[in-house]
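Trainee:
Numbering (our numbering), first residue to last: 998 to 1098.
(1) Between the Cα of residue 1012 and those of 1028, 1037, 1076, 999, spot the shortest distance and give me the residue it belongs to.
(2) Under 8 Å between the Cβ atoms of residue 1096 and residue 1061?
(3) Candidates 1072, 1083, 1089: which alpha carbon is nearest residue 1021's?
(4) Between residue 1053 and residue 1039, which are expected to be in contact by the criterion C-beta below 8 Å, what is the C-beta distance as a whole number of angstroms?
(5) Taking the alpha-carbon positions, what's the residue 1056 to residue 1083 distance?
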């Protein structure tokens, strides 16, 4: 019972971290879509003749996707690291509990 309770505590936050990592690119993409909608609205109002300002708007709109991908990559590495620590601690716990008796 003790091992299973501690294992649950060690691994309890890992699914939350995995979900947040999976959401990062989607949130970035949502920011990009929102930015592109703004660019298209500005094009509709101004007539869409200024390619330079349009390119600047598109460039700004893609920044959230890049940030989301960077966060997902970093989060993936961190998640793997945390999982390996949790597994190692669980193995150490099992070893200590089995050798103490």
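Glycine is no exception: its CB is placed at the ideal position from the N, C-alpha and C atoms. All of these numbers come straight from a predicted model, not from anything done at the bench.
Mentor: Let me spell this out:
(1) Selected option, being the one with the closest Cα: 1076.
(2) Not in contact: residue 1096 and residue 1061 (Cβ atoms no closer than 8 Å).
(3) Of the candidates 1072, 1083, 1089, the one whose C-alpha sits nearest the C-alpha of residue 1021 is 1072.
(4) That pair is no contact at about 10 Å.
(5) 41 Å
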